[in-house]
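According to my numbering, the sequence shown holds residues 21 to 408 in order.
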Amino acid sequence: MLEPVNLPETEPGADTAEDKDKDREPDPSHTDQEPEHILSVCVPAKSKSAGLVAATYHGRMELIDGYDRVATDLRVSLTDRCNLRCQYCMPAEGLDWMPTEETLTDAELIRLIGIGVEILGVRDVRFTGGEPLLRRSLPAIIAATKALPSNPRTAMTSNGLGLKHTAVALAEAGLDRVNISLDTTDPDTFEKITRRNRLHDVIDGLAAAHEAGLTPVKVNAVLLRGINDTEAPDLLRWCLKHGYELRFIEQMPLDAQHGWTREAMVTADETLALLAEHFTLTGLDGRGSAPAEKFLVDGGPHTVGIIGSVTRPFCGDCNRVRLTADGQIRNCLFAREESDLRAALRGGASDDDIARRWAAAMMTKLPGHGIDDPNFLQPTRSMSAIGG
21 MLEPVNLPET EPGADTAEDK DKDREPDPSH TDQEPEHILS VCVPAKSKSA
71 GLVAATYHGR MELIDGYDRV ATDLRVSLTD RCNLRCQYCM PAEGLDWMPT
121 EETLTDAELI RLIGIGVEIL GVRDVRFTGG EPLLRRSLPA IIAATKALPS
171 NPRTAMTSNG LGLKHTAVAL AEAGLDRVNI SLDTTDPDTF EKITRRNRLH
221 DVIDGLAAAH EAGLTPVKVN AVLLRGINDT EAPDLLRWCL KHGYELRFIE
271 QMPLDAQHGW TREAMVTADE TLALLAEHFT LTGLDGRGSA PAEKFLVDGG
321 PHTVGIIGSV TRPFCGDCNR VRLTADGQIR NCLFAREESD LRAALRGGAS
371 DDDIARRWAA AMMTKLPGHG IDDPNFLQPT RSMSAIGG
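In structure tokens form, the structure reads like this:
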């Protein structure tokens with residue numbers, strides 16, 4: 021038995037005649053707008069069968085690769101659009117956004133998430149972008165995901181713009197927690213990094229997420245040499261004061277400009293050394309497949325995380341797989357190849373056929389990201405088009 025969920029008729033990325041005459045940045049108030057028209061998409065009731073959009077799941081597989089790593093964490097990019105222009109992600113003028121017809125519809129997204137969860141053993145679903153809050157149907161997509169019989173854990177990575185107005189709705193839809201990008205609490209530095217004067221909106225969004233119970237609220241920070249690389253202690257103090265869990269992430273070669281260099285990157289060791297001048301840090305064991313190394317701050321209970329994706333890779337324990345907004349499976353953040361599930365969906369493939377294609381795509385996953393290899397090539401897609 022299927023139950024209807026109302027989803028917005030207009031898909032993200034749609035360019036109206038008016039849009040084409042404007043700057044390519046999405047309207048930051050987009051997340052506050054109520055759609056004028058809705059359509060009904062069927063999703064499974066929590067207590068009923070495992071069907072999704074008239075689908076029946078006939079068995080379970082695992083997303084296992086050639087090195088016996090099993091992917092159970094699905095990162096779903098809802099759009100490649102973003103309303104910031106962070107230096108380490110894209111140029112000031114932005115990018116050419118994905119055409120509407122190439123973007124997965126809500127029904128297609130929900131179907132693929134269902135296949136991942138109910139056939140392929142996905143247990144965690146994280147919604148990313150671009151900026152996921154720019155997809156107005158986000159609450160309905162979350163609700164449909166949580167309505168799956170296996171009830172996966174859900175999270176979202178966001179820049180926080182608009183979260184002040186949507187945090188309660190997202191929590192009510194079933195979102196469990198959020199990660200918010202914030203590299204500085206200094207307004208001038210924030211504007212220099214993001215090329216937007218929106219720090220107050222991010223801070224308000226963090227507070228709204230915490231108030232709505234989307235906890236633990238995690239803050240993701242990237243340190244840029246010569247810009248905010250001395251601010252790590254102050255940012256940690258600020259997060260401790262507000263009850264947020266801070267994680268510093270090494271800048272990765274995923275910028276659209278392909279301007280990343282190892283020499284310009286602030287390393288995990290450098291970050292830890294700077295923090296150690298101000299705090300007593302005690303390393304914690306039991307990282308598992310989590311990307312962050314955790315450290316107790318001044319004896320605890322609060323912690324700080326370090327994600328050394330480049331200098332301290334954790335590829336051997338990776339349990340992630342990514343679905344792009346245009347329906348491509350990426351078995352690694354740095355993969356040079358993708359597997360097209362959108363074509364299979366639109367070509368009439370069954371859920372089992374799609375699951376087999378998805379599982380086969382995992383077998384080409386390499387043992388590591390290869391950034392240290394002299395022949396390393398940065399992915400063609402930027403981070404905004406892949407999803408974090």
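For every residue, glycine included, the Cβ atom is placed at its ideal position computed from N, Cα and C. The structure presented is a predicted model; accordingly, all values stated were derived computationally and were not measured.
Query raised in the report: What residue range is occupied by the uninterrupted beta strand (DSSP E) comprising G303?
Result: Taking the first residue of the sequence shown as 1, we reach residue 303 at position 283. L301 to G303 is the extent of the beta strand (DSSP E) around G303.
Query - Expected contact under 8 Å - CB spacing of I374 and A364 to nearest Å - result: As a position in the sequence shown, residue 374 is number 354, starting the count at 1. As a position in the sequence shown, residue 364 is number 344, starting the count at 1. Sure, about 5 Å apart at Cβ, within 8 Å.
Report task. Below 6 Å CB to CB, which residues in the same chain sit around A232 once its five sequence neighbours on both sides are set aside? Result -> Here residue 232 refers to the residue found at position 212 when the sequence shown is read from its first residue. Closer than 6 Å at the Cβ level, and outside the excluded window around A232, lie A187, V188 and A191.
Report task. With DSSP collapsed to three states, give me the class of K212. Result -> In the sequence shown, the residue the question calls residue 212 occupies position 192. In this structure, K212 counts as helix in the three-state DSSP scheme.
Query raised in the report: In the structure shown, what three-state DSSP assignment does G325 receive?
Result: For the purposes of this step, residue 325 is taken as the residue at position 305 of the sequence shown. G325: strand per DSSP, three-state reduction.
Query - Close beta carbons around L183, own chain, < 7 Å, minus the five adjacent residues each side - result: Against the sequence shown, residue 183 aligns to sequence position 163. The answer, listed in chain order, is L153, G225, A228 and A229.
Query raised in the report: What number of angstroms, rounded off, separates the C-alpha of L286 from the C-alpha of R245?
Result: As a working note, residue 286 is residue 266 in the sequence shown. As a working note, residue 245 is residue 225 in the sequence shown. Rather than Leu, the amino acid found at residue 286 in this sequence is Val. Taking the straight line from one Cα to the other gives about 6 Å.
Query raised in the report: Three-state secondary structure (DSSP) at V15?
Result: It is not possible to answer for residue 15, since the shown part of the chain is limited to 21 through 408.
**Report entry** R282 (DSSP reduced to helix, strand or coil)
**Finding:** Translated into the one-based positions of the sequence shown, residue 282 becomes position 262. Here R282 sits in coil by DSSP.
Requested in this report: Indicate the three-state DSSP secondary structure (helix, strand or coil) for A74 in the structure shown.
Outcome: What you label residue 74 is simply residue 54 of the sequence shown in a count that begins at 1. With a pLDDT of only 29 at A74, under 50, the local geometry of the prediction cannot be trusted, and no value is derived from it.
**Report entry** Cβ neighbours of Q107 in the same chain (closer than 6 Å, five flanking residues each side left out)
**Finding:** For the purposes of this step, residue 107 is taken as the residue at position 87 of the sequence shown. Same-chain partners within the cutoff: I213.
Query raised in the report: Which whole-angstrom value describes the C-beta separation of R218 and R105, a residue pair presumed to lie in contact below a C-beta threshold of 8 Å?
Result: As a first step, residue 218 must be located in the sequence shown, where it is residue number 198. As a first step, residue 105 must be located in the sequence shown, where it is residue number 85. The Cβ separation is near 11 Å, so there is no contact.
Requested in this report: Kindly give me the distance between the Cβ atoms of T331 and L316, rounded to whole angstroms, as I take these residues to be in contact under 8 Å.
Outcome: In the sequence shown, residue 331 corresponds to position 311, counting from 1. In the sequence shown, residue 316 corresponds to position 296, counting from 1. Not really, about 22 Å apart at Cβ, beyond 8 Å.
Query raised in the report: Beta carbon of L202, beta carbon of M176: below 8 Å?
Result: Here residue 202 refers to the residue found at position 182 of the sequence shown. Here residue 176 refers to the residue found at position 156 of the sequence shown. No, the Cβ-Cβ distance between L202 and M176 is not below 8 Å.
Report task. Tell me whether R146 sits in a helix, a strand or coil according to DSSP, three-state version. Result -> As a working note, residue 146 is residue 126 in the sequence shown. Of the three classes helix, strand and coil, the one that applies to R146 here is strand, per DSSP.
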